[in-house]
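Working notes, structure below.
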Amino acid sequence: MSAATRAARPKRALSLLDLIGANWTTQALATAAELGLADRLARGPARTADLADELGCDADSLGRLLRALASIGVCAPRTQGRYALAPAGEPLREDAPDSVRSWAIWCGRESWAVWGDLAGSVRTGRSVRQRAGARAGYAHLEDDRAARLFHGAMAELTRQVGRAVARTIDLRGTAHVVDVGGGYGELLAELLAAHPRLRGTVFDLPHATRGAVERIAQAGLAGRADVVSGSFFDAVPAGAEAYLMKAVLHNWDDDKALAILASCRRAMGPGSRLFVVERLLPARPSSSRRDRAILRSDLNMLVGHGGRERSRGDYAALLAKAGLRLAGVRPATLDFSVIEAVARRPPRGGAVKGLSGSPASTKAARAPAAR
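Sequential numbering from 1 applies to the sequence shown in the working numbering.
And the structure:
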């Protein structure tokens, strides 16, 4: 063994130790978000004892948390034992335009337990919830508290990419767009703001559309948008020139993803287009921030939902089976790309290769539009 190799060994171990222990940052940030620490410090620096009184915490323990948060740049120590909010901590505020507060809490609370059995998912190919006998999909969000937290977190992430997606998608000549699995309507709101003549529909399950009605009203878009409740496995609102799905297909295995695409294909007219906003697996993984974020999401889909991130080729194959053709791929922002698809051939009696049965004939229930 060379001297250089011997010298490098301790550094390699230290690097791995940093990665192994990185779970502390998730919990520290989730706790800070849950306590509303950033919101309080946004009003001005404060002493640890005063913060503890206001937030209902043990002063010594809160001081330890503040020191840890200072070490990662979220807050900054000041004179006389006070702490201030650092610029890097601003997105933990609930009212910050780039807030990730709900996402921090979701990762530290709801998502935390399933990551503890990643090994079981790797061994079996099934998510933690699947192995526990839970229903597939989002049945766990029928609890109102979990649903509010999840959809708030998804809205925060969508807000980060929404404007870039609105710039990336060419909607000239399009009158109506349907956001399939659109959650609280964050992405549709960005599209309508960028395209003043566009009309839109948010389509999702009832636990999501309740929040969408409010979001559309707050954005002043009630006259240009409606909200429809239903399952994209049954049917998708028909007749729009454009269909949009962001971070939907990666939640599902190939059979379920194909069923969703088949529903979209049945709803699409001859000139309709489908825009799929997803992370694309790199051909050769690197240690770049982007690749690591995509691959982390891939494992998150495995352990949490039984879904997966996919490559460009994977999406091209799925689209073809659903009677669609991949027309192009454009990078958007952060880790996302926009995949554009158009009709390749008429669906054969409503069925697609690899799926049995016929499309559901039930109509989605329309939620009252915000006015």
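Don't be surprised by glycine CBs; every beta carbon is placed ideally from N, CA and C.
What are the boundary residues of the alpha helix (DSSP H) that includes residue i?
i	result
glycine 211	206 to 218
aspartate 50	48 to 55
alanine 38	37 to 41
valine 114	112 to 115
serine 61	59 to 71
arginine 109	Where arginine 109 is concerned, there is no enclosing alpha helix (DSSP H), given that its DSSP letter is neither H nor E.
valine 122	118 to 124
arginine 131	128 to 131
Tell me whether residue i sits in a helix, a strand or coil according to DSSP, three-state version.
i	result
methionine 268	coil
glycine 183	coil
proline 77	strand
leucine 249	helix
serine 263	helix
histidine 151	helix
leucine 375	Because the chain spans 1 through 371 in this model, residue 375 falls outside it and cannot be assessed.
leucine 29	helix
alanine 13	helix
proline 347	Below a pLDDT of 50, predicted positions are generally treated as unreliable, and proline 347, at 48, falls in that range; no measurement from the model is reported.
serine 99	coil
arginine 172	coil
arginine 167	helix
proline 237	coil
alanine 134	coil
alanine 145	The residue you asked about is not alanine; residue 145 is arginine in the sequence shown. Of the three classes helix, strand and coil, the one that applies to arginine 145 here is helix, per DSSP.
alanine 22	coil
glutamate 94	coil
glycine 44	coil
leucine 221	coil
Which residues does DSSP list as the beta-bridge partners of residue i?
i	result
phenylalanine 275	Leu244 and Glu340
threonine 201	Val178 and Asp226
alanine 84	Ala76
Please list, in chain order, all residues of the same chain as residue i whose beta carbon is under 7 angstroms from its beta carbon, the five residues on each side excluded.
i	result
leucine 157	Trp103
leucine 318	Asp254, Ala257, Leu258 and Leu261
threonine 168	Arg330, Ala332 and Val338
leucine 66	Thr48, Cys75 and Tyr83
threonine 79	none
glutamate 186	Ala155, Thr158, Arg159, Gly162 and Arg215
glycine 269	Gly239
Report all residues from its chain with a CB closer than 8 angstroms to the CB of residue i; omit the five preceding and five following residues, and keep chain order.
i	result
aspartate 335	Arg279, Arg290, Ala293, Ile294 and Ser297
alanine 42	Leu85, Glu90 and Arg93
arginine 40	Ala46, Leu51, Glu54 and Leu55
valine 303	Val114, Trp115, Asp117, Leu118, Ser121, Ser127 and Val128
alanine 22	none
With a threshold of 7 angstroms between beta carbons, is residue i in contact with chain B?
i	result
asparagine 300	No chain B is part of this structure, which consists of one protein chain only.
By Cβ distance, which residues of its chain are closer than 6 angstroms to residue i, with the 5 residues on each side in sequence left out?
i	result
glutamate 339	The sequence given here places isoleucine at residue 339; glutamate does not occur at that position. Here the set comprises Val276, Tyr315 and Val329.
glutamine 27	Gly108
serine 337	Leu280, Val329 and Pro331
histidine 305	Ser127 and Asn251
alanine 194	Ala166
leucine 248	Going by the sequence as given, residue 248 is valine instead of leucine. Gly181, listed in sequence order.
serine 287	none
For this session: Please specify which runs of the beta strand (DSSP E), each continuous and at least 3 residues long, are wholly inside the stretch 272 to 338, giving them in chain order.
Result: With a minimum length of 3 residues, the continuous beta strand (DSSP E) runs that stay inside the stretch 272 to 338 are 273 to 279 and 324 to 331.
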